[in-house]
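Here is the structure we will look at, set down as structure tokens.
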Amino acid sequence: MLEKFRAAQATAIKRLKDLEAAQRLPAPYDGKRPPFSDALLAAGPVAVIAEYKRASPSAGDINLGLAPGEVAAMYAASGAAAISVLTEETYFKGSVDYLEPISAAGLPMLRKDFLLHPLQVVETAATKASALLLIVRMLTDAELAEMLRLTYDAGLEAVVEVFDEADLARAESAGAHIIQVNSRDLNTLTTDLAVARRMAALKRPGRIWIAASGIASRADVLAMAAIGYNAVLVGTSIMSEPDPGQALARLTGKAD
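Here you go:
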């Protein structure tokens with residue numbers, strides 16, 4: 001699947017290269033961005049990052065009738081510490097344009113996509129997003145280091161996604177501070193929280209760790225907190241419900 005996601009980025013990267021050649025790249029956003037990592041730590045013992053997700057290869061279409069701003073308001077009212085915004089167009093029916101209406105909720109935003117090229121960092125820096133996602137397995141060591149440097153230089157934070165111990169070693173060597181452990185096998189699309197439990201033993205002091213995929217209940221959230229995760233990221237389990245805000249409230253404890 002990662003190779004399919006890589007191939008799907010070609011159109012987006014070409015568009016950015018064309019804009020660069022025409023000297024029409026968007027200017028960096030010069031407003032104040034809500035700090036992403038601070039929001040996660042302030043929401044302890046465990047923060048919930050709620051995702052605006054319209055589709056996925058495993059779930060198909062998800063609640064396409066819900067507008068991004070509408071969902072963001074639900075999330076803010078239901079205890080989300082931050083909002084993850086899927087911007088990948090081909091497989092997830094996302095768009096960078098969704099970041100603007102979602103920003104009205106006032107929460108830090110994570111741009112979640114399969115980012116491969118430095119110009120995609122420039123593109124993200126032109127939005128109100130506070131952070132972006134980098135996936136270790138989609139980048140060489142040199143590419144990961146460069147993407148991190150550009151991200152930090154732009155005043156953004158980077159969530160670096162890993163799937164196993166080898167990914168983690170590469171992420172930390174490149175200078176990652178926020179680690180996201182994905183418990184979904186992207187080849188089989190199956191999820192096993194045993195991955196998050198195994199990896200938790202490797203967390204270093206001073207790092208922020210996020211558990212992604214497979215979080216479906218308040219018990220799952222608390223279990224991840226108990227083994228050292230600072231946050232969990234939830235998408236399909238709440239977006240597939242008729243009322244994503246209510247589903248999120250059950251995870252954050254707001255519904256108790």
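Using full-length UniProt numbering, the first residue of the sequence shown is number 1, and each one after it goes up by one. Quick reminder that beta carbons are idealized off the backbone N, C-alpha and C, glycines included.
Three-state secondary structure assigned by DSSP to residue i
{"i": "V46", "result": "coil"}
{"i": "R170", "result": "helix"}
{"i": "L86", "result": "strand"}
{"i": "residue 260", "result": "Past the edges of the chain, shown from 1 to 256, lies residue 260, and the structure says nothing about it."}
{"i": "D61", "result": "strand"}
{"i": "A73", "result": "helix"}
{"i": "S103", "result": "helix"}
{"i": "R184", "result": "strand"}
{"i": "Y98", "result": "helix"}
{"i": "Y152", "result": "helix"}
{"i": "S78", "result": "coil"}
{"i": "S37", "result": "helix"}
{"i": "A200", "result": "helix"}
{"i": "A176", "result": "coil"}
{"i": "L115", "result": "coil"}
{"i": "L233", "result": "strand"}
{"i": "A55", "result": "strand"}
First through last residue of the alpha helix (DSSP H) which encompasses residue i
{"i": "K14", "result": "10-21"}
{"i": "V160", "result": "It is not in any alpha helix (DSSP H) - V160 instead sits in the beta strand (DSSP E) that spans 157-162."}
{"i": "M239", "result": "236-239"}
{"i": "T191", "result": "Looking at the DSSP string, T191 is not in any alpha helix (DSSP H), and its letter there is neither H nor E."}
{"i": "P28", "result": "It is not in any alpha helix (DSSP H) - P28 carries neither H nor E in the DSSP assignment."}
{"i": "P244", "result": "244-252"}
Cβ-Cβ separation, residue j to residue i (assumed contact under 8 Å), whole Å
{"i": "L202", "j": "V48", "result": "About 23 Å separates the two Cβ atoms, so there is no contact after all."}
{"i": "V234", "j": "M224", "result": "Not really, about 11 Å apart at Cβ, beyond 8 Å."}
{"i": "A176", "j": "V160", "result": "4 Å"}
{"i": "T236", "j": "K4", "result": "19 Å between Cβ atoms; not a contact."}
Residue range of the beta strand (DSSP E) that includes residue i
{"i": "V136", "result": "V136 -> no beta strand (DSSP E), and no H or E assigned at all."}
{"i": "L110", "result": "109-112"}
{"i": "I227", "result": "Per DSSP, I227 belongs to no beta strand (DSSP E) and is neither H nor E."}
{"i": "V122", "result": "Here V122 belongs to no beta strand (DSSP E); instead the alpha helix (DSSP H) covers 118-125."}
Residues of its chain near residue i, where Cβ-Cβ distance is below 8 Å and the 5 sequence neighbours each way are ignored
{"i": "K128", "result": "Y29, G31, R33, L99, E100, S103, M109"}
{"i": "P118", "result": "E146, M147, L150"}
Closest Cα partner of residue i within the set the options
{"i": "A142", "options": "S240, L19, R170", "result": "R170"}
{"i": "L66", "options": "R250, G253, I238, T252", "result": "I238"}
{"i": "S174", "options": "V221, L139, T190", "result": "In the sequence on display, residue 174 carries Ala and not Ser. A174 has its Cα closest to that of L139, out of V221, L139, T190."}
{"i": "R184", "options": "F36, A7, K14, D164", "result": "D164"}
{"i": "E157", "options": "T124, V181, A166", "result": "T124"}
{"i": "G228", "options": "A76, L2, S217, I179", "result": "I179"}
{"i": "A82", "options": "S58, E88, G69, L40", "result": "L40"}
{"i": "E189", "options": "A7, R198, E20, A59", "result": "For clarity, residue 189 is Leu in the given sequence; the question names Glu instead. Ranking A7, R198, E20, A59 by Cα distance to L189 puts A59 first."}
Beta-carbon proximity list for residue i, same chain, < 6 Å, skipping 5 on both sides
{"i": "K112", "result": "S84, L86, L133"}
{"i": "M74", "result": "P244, G245"}
Proximity test, Cβ basis, 8 Å: residue i and chain B
{"i": "M224", "result": "Chain labels in this structure do not include chain B; a single protein chain is all it has."}
Proximal residues to residue i (C-beta, below 7 Å), its chain only, five neighbours per side dropped
{"i": "V221", "result": "V46, V48, I215, V232, L251"}
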